Amino acid sequence: MRLPLTSALGLGLLCVQQVAGITPPPGAESLTACSDVSVRKEIRTLSSEEWNTYKSAVEGAKSDRWIDWFGYLHERVSSKIHGNSEFFVYHRKFINDYEKILRGYEPNVVLPYWNTMIDYQNPSGSPVLGDKYFGGNGATGECVSTGLANSWNFTYLGNECLQRKFGEADSIVTWYSPEYVTSILQSSPTYAELRAGIENSLHGIVHLSIGGDMNTMHSPADPIFWLHHSNIDRVYAQWQAVDPDERTYMYDGTDSTGKEVSLNDKLTYTSTAAYEVMRLGYGNMCYTYDTIKAADGDSKSLLSTRQRKCKPRPSKATQTIQKLPVKLLTNYYPSFNKKKFSPLENEMSDITPKQPMAAECNKSFTPPKPSEKLRGKMPYPGRLSKDYIKMMNLNPKEVKAAEERARAMVDELNAANYLSPYLFDLDK
Ligand SMILES: [Cu+2]
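Taking mature numbering (1 follows the signal peptide of the UniProt record, and there is no 0), I'd label the letters of the sequence shown as residues -21 to -1, 1 to 407.
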C-alpha cells in the first residue's frame, strides 16, 4: 500500500517503509535503515583522489593476503553459487564483505564498478585494462605486468603470478552491449529470468575472455573481479528499483540442489539469510549505485552535486531505439514500447569508450560520433566455451537460450539499420 505523501511526511521516519510500498517478509522488518549510504560509481568517473584511495586499500588487502582468502573462499563455494538463483544474492554479500575488508585500510573507500557493456566492441582497448587502472594482458608466462595488479603473486596458488590470457593478438572477443542489458532489464519479469539473462551472458563472457585467473574458480584473485561483479550487482539493483514493491524481495527459481529457493535460505556456508541482502540501504547493505538516484523512501538525492554532474545520462541512441519497428520493440524493449522510459531500465548511457567521463567531470563534452560504416553492422557477442559452462556448473540449455536471444536481437537491430553509439572505427 502507498500512503499519500502528505501523511507520510507528517508521520516522519516511521513511514519510510510504507512510502516505499515495500512489505518486508518475516524477519526483514527488523533490518534497520543505514545511517550512512555510500554511492558506488563507474571507475572512470572517480576523482584521482578516490582512485588513489581505492588503490591503496586494495594494495593493503593484497599484502595481508585477504585477496588470497577471497579467491580460496570463492573456489570452495563456486559449484553452489553459480548457474542458479543464489548467484545474485551470494555475490552481493561477497563483494560487500570485500568492501568492508577494504575499509580496514581506507575507512572512506567505496567499491567502484566497471560498466563493461560500453566497452563491448573492443574490450582490450578499454582504459580500465590500461596502465592507469588494472593493467592489460599477461606478458611472459601470462603474468600481469602493468597497472594495479602489476607483478602480483599468490602464496595460496603456490606462489604463482596473477595471470591473464586474452585471445589472438592481444584482443578480446566482443562482449554484451548496453542494448542487450537494456533489453534484459525490460523483459525479465522474474528474478530467475533476470539471473539467467545476465549470468549466462555478460557475466560469463567477461570472466572467460579475460582469461588466466579470471577464468578459474578463484577469480577474485584478479582485482577486475570485484568491479565486474559490482556492475552485475548494479544491474540486479536497478532491476529491483524499477518496482521496489514487487521486486525488492522477489526470489524465485532453484538452488544448486534443484530445490525452489526461499527468502529464508542461508547463503552457502554463511549464517546470512537471502532476504538480509536484498534491500539496499538496509541492514548491512549500506550502499547504492550512482545510476540509482536515491535509496528506498529517501526523497532527496544521495548524490553530491559533483556526483550528480558526473552521473551517466541516457544516450541519444535511446531515442533512436524508441523509433524502431514495433515488432522489435515488443520483442526486445517492451517498456519503451509502452512509453515507459525509466533510466533504471535503460543502460544506454552517454559514456562511451571514446568519452570516458573526465576524472573531475567539470568539462562539457561533445560526444564523439560512432562510425557510420558500422550502421547495421552490430557484432554478435562471443560465446561461452563448453569448458567454462562445465566449470561454472551452468545449464547448457539456459546458456544457449541466452546466446541465441542475444544474436536474434543483434540481427533485428541490424535489419532495422540501427547504429550502436558504442561502435567506432578501430583503425583510427
Ligand atoms: Cu562467482
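All C-beta atoms in this analysis are idealised placements derived from N, C-alpha and C, irrespective of residue type, glycine included. None of these values were measured; they are calculated from a predicted model.
Can you tell me the Cα-Cα spacing of residue i and residue j, whole angstroms?
i, j, result
"S250", "E172", "26 Å"
"M357", "Y311", "16 Å"
"M229", "E178", "17 Å"
"D149", "R384", "28 Å"
"Y69", "L246", "6 Å"
"N243", "P4", "9 Å"
"L108", "R354", "27 Å"
"R258", "M264", "7 Å"
"D406", "F49", "40 Å"
"G115", "L127", "10 Å"
"V123", "Q142", "6 Å"
"S180", "T195", "17 Å"
"N138", "W45", "15 Å"
"Y90", "I271", "Before going further, note that residue 90 is Leu rather than Tyr in the sequence given. So the alpha carbons of these two residues sit roughly 15 Å apart."
"L136", "K144", "17 Å"
"K379", "A175", "11 Å"
"Y254", "D404", "46 Å"
"A7", "G262", "9 Å"
"R82", "S350", "43 Å"
"V18", "T267", "5 Å"
"S283", "K369", "In this prediction, S283 has a pLDDT of 46, which is less than 50 and means its spatial position is unreliable; nothing more can be read from the coordinates."
"A273", "F73", "Confidence is the limiting factor: at A273 the pLDDT is only 37, short of 50, which leaves the residue's position unreliable, though a coordinate-based value still follows. Rounded to whole angstroms, A273 to F73 spans 23 Å at the Cα level."
"I151", "M388", "21 Å"
For the alpha helix (DSSP H) containing residue i, name the first residue and the last one.
i, result
"T297", "A296 to Q301"
"residue 411", "Because residue 411 is not part of the residues shown, which for the chain are -21 to 407, the question remains open."
"F49", "W45 to I60"
"I184", "G183 to I189"
"residue 409", "Coverage of the chain is limited to positions -21 through 407, which leaves residue 409 absent and any answer about it impossible."
"F204", "I203 to V221"
"A387", "P375 to A394"
Once DSSP output is grouped into helix, strand and coil, what is the label at residue i?
i, result
"Y33", "helix"
"T284", "Note that T284 has pLDDT 46, beneath the 50 cutoff, so the model's placement of it is unreliable and the number below is only indicative. Reduced to three states, the DSSP call for T284 is helix."
"R362", "coil"
"Y228", "coil"
"T24", "helix"
"F73", "helix"
"D277", "Residue placement at D277 is flagged as unreliable, the pLDDT there being 41, under the threshold of 50; the coordinate-derived value follows with that caveat. D277: coil per DSSP, three-state reduction."
"Y311", "helix"
"Q165", "helix"
"A128", "coil"
"E239", "strand"
"Y84", "coil"
"T233", "strand"
"P157", "helix"
"L402", "coil"
"T2", "coil"
"M96", "helix"
"Y367", "helix"
"D110", "coil"
"P347", "coil"
"P102", "helix"
"V68", "helix"
"K79", "helix"
Is the closest heavy atom of ligand 1 to the C-beta of residue i under 7 Å?
i, result
"H207", "no"
"H61", "yes"
"H197", "no"
Based on the DSSP secondary-structure assignment, which residues constitute the bridge partners of residue i?
i, result
"G117", "V123"
"K245", "A252"
"S17", "Y266"
"A175", "Partner(s): none; A175 has no beta bridge."
"residue 420", "One cannot answer for residue 420 here, as it falls past the ends of the chain, which runs -21 to 407."
"A12", "Y261"
"Q142", "C122"
"F320", "Beta-bridge pairing links F320 to no other residue."
"F133", "E139"
Less than 7 Å between the CB of residue i and some heavy atom of ligand 3, yes or no?
i, result
"F113", "In the structure shown, ligand 3 is absent; the only ligands present are ligand 1."
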